[in-house]
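Residue numbers (our numbering), protein chains in the order written: chain A, 1 to 411; chain B, 412 to 502. The C-beta atom is built at its ideal place from N, Cα and C for all residues, glycine as well. Note that the structure is a prediction, hence the values are computed from the model and not measured. Below is one structure, written out as structure tokens; comments come after it.
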């Protein structure tokens with residue numbers, strides 16, 4: 001046997017003798033590595049699964065406003081003048097903390113709930129369920145913000161409003177939220193866009209003095225109130241929106257002397273935003289009319305008799321603001337100047353009749369896109385037009401000057 | 412209808428009439444100019460109608476889905492507009 005051949009045979013014998021040991025070791029090593037890797041992969045998969053978005057999603061947004069308000073009111077009646085002054089922390093017209101809870105089920109259902117702590121009271125702004133049926137059709141039910149004008153539904157939030165105060169009379173005419181159902185949507189046509197928003201709700205309740213309030217969750221009659229708004233955006237860049245709204249329904253308690261009374265509200269609104277570089281110009285306005293066709297009300301002095309007045313109310317505002325949003329200066333671009341004129345006229349010869357005009361100016365500084373500090377000055381001139389025969393201070397004038405420092409943030 | 416509200420009805424009727432005329436002229440089909448709009452363009456045009464435009468890093472992609480539905484019902488956006496805006500904000 002040749003030496004080389006002998007060496008080969010010996011090596012083969014040695015290999016086959018130790019092979020089982022080598023194989024087992026190799027197997028053990030592979031098993032150890034694979035097991036560690038598998039554990040790691042499993043852990044990563046589990047981590048990824050935790051982060052994987054599910055069908056259901058919950059988040060909290062909302063808003064908060066806080067500030068300081070100082071007011072000087074001069075009242076003149078029959079030649080006698082009186083002055084009162086107030087200053088309040090936590091006002092800023094007004095302190096508000098409103099978290100907004102949003103639950104989303106897939107991309108079809110959205111549940112919204114916004115409780116609010118404002119004016120020292122806890123309330124609910126809205127609590128509703130929306131079903132996104134298809135493009136251009138959303139169905140909603142619950143406690144809704146009614147589609148009357150645009151201010152209450154889109155512009156009232158402190159971090160959106162350019163001034164610290166609400167426009168006079170606009171948020172009170174008519175009440176903004178109610179229990180009901182709503183359909184809405186946006187439809188593109190050519191370069192233009194239309195939007196519609198229609199709600200059917202419990203409606204309003206006429207009180208013996210001729211004022212109205214929300215009927216609440218238990219309707220005061222069988223009639224339901226219809227509220228609808230049509231919006232038209234005629235320009236391709238959606239910079240201009242014109243809107244028209246109507247709200248109509250019976251407001252008298254069933255079985256009462258007011259049973260047939262009907263309230264009809266109308267509104268026109270405008271929204272125009274244009275970038276005239278380096279500025280952004282913003283114009284907003286809304287005009288409301290309220291008519292109640294019942295004109296005989298309980299005499300507050302003698303409840304067995306009635307008195308009459310034309311129950312017709314109007315309110316409106318026009319607001320302009322300008323901001324150098326496109327300025328290269330990082331400080332200057334955050335300033336915004338705003339001004340507003342408002343008018344609120346309640347029925348003459350009623351117990352709450354008045355003619356009011358409001359002028360408001362403001363300077364804002366935007367800390368972030370949703371955080372703002374506002375300096376606002378507002379003067380309101382009011383003339384009393386109540387019924388003199390019923391003890392009203394007819395002809396009384398009230399001049400109110402207010403200064404606000406407000407901080408507003410979106411949560 | 413009471414006489415005192417005639418001016419309001421004339422204004423509303425005029426807006427609706429003008430809108431109807433322009434819709435007839437333009438046609439109901441969505442124009443190419445509109446369909447070509449990008450998410451960033453729609454984000455800029457629609458958000459600033461009411462408030463400042465939010466930067467994409469404000470919310471997580473999943474939160475933007477929820478915000479998208481909320482804002483669709485406020486601004487009355489179409490599904491296409493919402494999806495394009497959300498796609499942009501999720502980047």
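From which residue to which residue does the beta strand (DSSP E) around residue i run?
{"i": "residue 459 of chain B", "result": "No beta strand (DSSP E) holds residue 459 of chain B; DSSP gives it neither H nor E."}
{"i": "residue 397 of chain A", "result": "397 to 410"}
{"i": "residue 213 of chain A", "result": "212 to 214"}
{"i": "residue 354 of chain A", "result": "354 to 368"}
{"i": "residue 129 of chain A", "result": "121 to 134"}
{"i": "residue 331 of chain A", "result": "Element bounds for residue 331 of chain A: n/a, residue is neither H nor E."}
{"i": "residue 298 of chain A", "result": "296 to 298"}
{"i": "residue 85 of chain A", "result": "80 to 89"}
{"i": "residue 156 of chain A", "result": "Counting along the chain, residue 156 of chain A falls outside any beta strand (DSSP E), and DSSP gives it neither H nor E."}
{"i": "residue 206 of chain A", "result": "204 to 206"}
{"i": "residue 228 of chain A", "result": "225 to 233"}
Buried or exposed for residue i, please, with buried defined as at least 16 other CB atoms from any protein chain shown within 10 angstroms of its CB.
{"i": "residue 350 of chain A", "result": "buried"}
{"i": "residue 304 of chain A", "result": "exposed"}
{"i": "residue 406 of chain A", "result": "buried"}
{"i": "residue 301 of chain A", "result": "exposed"}
{"i": "residue 502 of chain B", "result": "exposed"}
{"i": "residue 241 of chain A", "result": "buried"}
{"i": "residue 411 of chain A", "result": "exposed"}
{"i": "residue 329 of chain A", "result": "exposed"}
{"i": "residue 152 of chain A", "result": "buried"}
{"i": "residue 389 of chain A", "result": "exposed"}
{"i": "residue 195 of chain A", "result": "buried"}
{"i": "residue 54 of chain A", "result": "exposed"}
{"i": "residue 238 of chain A", "result": "buried"}
{"i": "residue 439 of chain B", "result": "exposed"}
{"i": "residue 273 of chain A", "result": "buried"}
{"i": "residue 56 of chain A", "result": "exposed"}
{"i": "residue 522 of chain B", "result": "Outside the displayed range of chain B (412 to 502) lies residue 522 of chain B, so it cannot be described from this structure."}
{"i": "residue 463 of chain B", "result": "buried"}
Nearest-angstrom Cα distance between residue i and residue j?
{"i": "residue 276 of chain A", "j": "residue 322 of chain A", "result": "10 Å"}
{"i": "residue 198 of chain A", "j": "residue 60 of chain A", "result": "27 Å"}
{"i": "residue 366 of chain A", "j": "residue 159 of chain A", "result": "10 Å"}
{"i": "residue 101 of chain A", "j": "residue 157 of chain A", "result": "16 Å"}
{"i": "residue 244 of chain A", "j": "residue 485 of chain B", "result": "16 Å"}
{"i": "residue 453 of chain B", "j": "residue 459 of chain B", "result": "10 Å"}
{"i": "residue 130 of chain A", "j": "residue 315 of chain A", "result": "31 Å"}
{"i": "residue 312 of chain A", "j": "residue 166 of chain A", "result": "21 Å"}
{"i": "residue 200 of chain A", "j": "residue 215 of chain A", "result": "13 Å"}
{"i": "residue 63 of chain A", "j": "residue 149 of chain A", "result": "22 Å"}
{"i": "residue 163 of chain A", "j": "residue 90 of chain A", "result": "16 Å"}
{"i": "residue 125 of chain A", "j": "residue 80 of chain A", "result": "42 Å"}
{"i": "residue 465 of chain B", "j": "residue 230 of chain A", "result": "27 Å"}
{"i": "residue 494 of chain B", "j": "residue 449 of chain B", "result": "11 Å"}
{"i": "residue 211 of chain A", "j": "residue 205 of chain A", "result": "8 Å"}
{"i": "residue 189 of chain A", "j": "residue 135 of chain A", "result": "13 Å"}
{"i": "residue 94 of chain A", "j": "residue 408 of chain A", "result": "10 Å"}
{"i": "residue 483 of chain A", "j": "residue 50 of chain A", "result": "Nothing can be reported for residue 483 of chain A, as the shown portion of chain A is limited to 1 through 411."}
{"i": "residue 249 of chain A", "j": "residue 271 of chain A", "result": "27 Å"}
{"i": "residue 45 of chain A", "j": "residue 403 of chain A", "result": "58 Å"}
{"i": "residue 180 of chain A", "j": "residue 287 of chain A", "result": "24 Å"}
Would you give the residue range spanned by the alpha helix (DSSP H) that residue i belongs to?
{"i": "residue 446 of chain B", "result": "443 to 446"}
{"i": "residue 148 of chain A", "result": "First-last for residue 148 of chain A: undefined, no H or E at that position."}
{"i": "residue 493 of chain B", "result": "490 to 500"}
Secondary structure at residue i, three-state DSSP: helix, strand or coil?
{"i": "residue 286 of chain A", "result": "strand"}
{"i": "residue 37 of chain A", "result": "helix"}
{"i": "residue 161 of chain A", "result": "coil"}
{"i": "residue 320 of chain A", "result": "strand"}
{"i": "residue 99 of chain A", "result": "strand"}
{"i": "residue 183 of chain A", "result": "strand"}
{"i": "residue 349 of chain A", "result": "coil"}
{"i": "residue 188 of chain A", "result": "strand"}
{"i": "residue 481 of chain B", "result": "helix"}
{"i": "residue 217 of chain A", "result": "coil"}
{"i": "residue 70 of chain A", "result": "strand"}
{"i": "residue 440 of chain B", "result": "coil"}
{"i": "residue 387 of chain A", "result": "coil"}
{"i": "residue 110 of chain A", "result": "strand"}
{"i": "residue 432 of chain B", "result": "helix"}
{"i": "residue 138 of chain A", "result": "strand"}
{"i": "residue 450 of chain B", "result": "helix"}
{"i": "residue 432 of chain A", "result": "Beyond the ends of chain A as shown, which are 1 and 411, falls residue 432 of chain A; an answer cannot be given."}
{"i": "residue 168 of chain A", "result": "coil"}
{"i": "residue 393 of chain A", "result": "coil"}
Going along chain E in order, which residues have a C-beta closer than 7 Å to the C-beta of residue i?
{"i": "residue 242 of chain A", "result": "Within the model displayed, chain E is absent; protein chains A and B are what it includes."}
May I ask whether a heavy atom of the ligand COA can be found less than 6 Å away from the beta carbon of residue i?
{"i": "residue 255 of chain A", "result": "You won't find the ligand COA in this model; it holds no ligand whatsoever."}
| field | Complete runs of the beta strand (DSSP E) confined to the segment 250 to 276 of chain A [at least 3 residues] | value | 262 to 276
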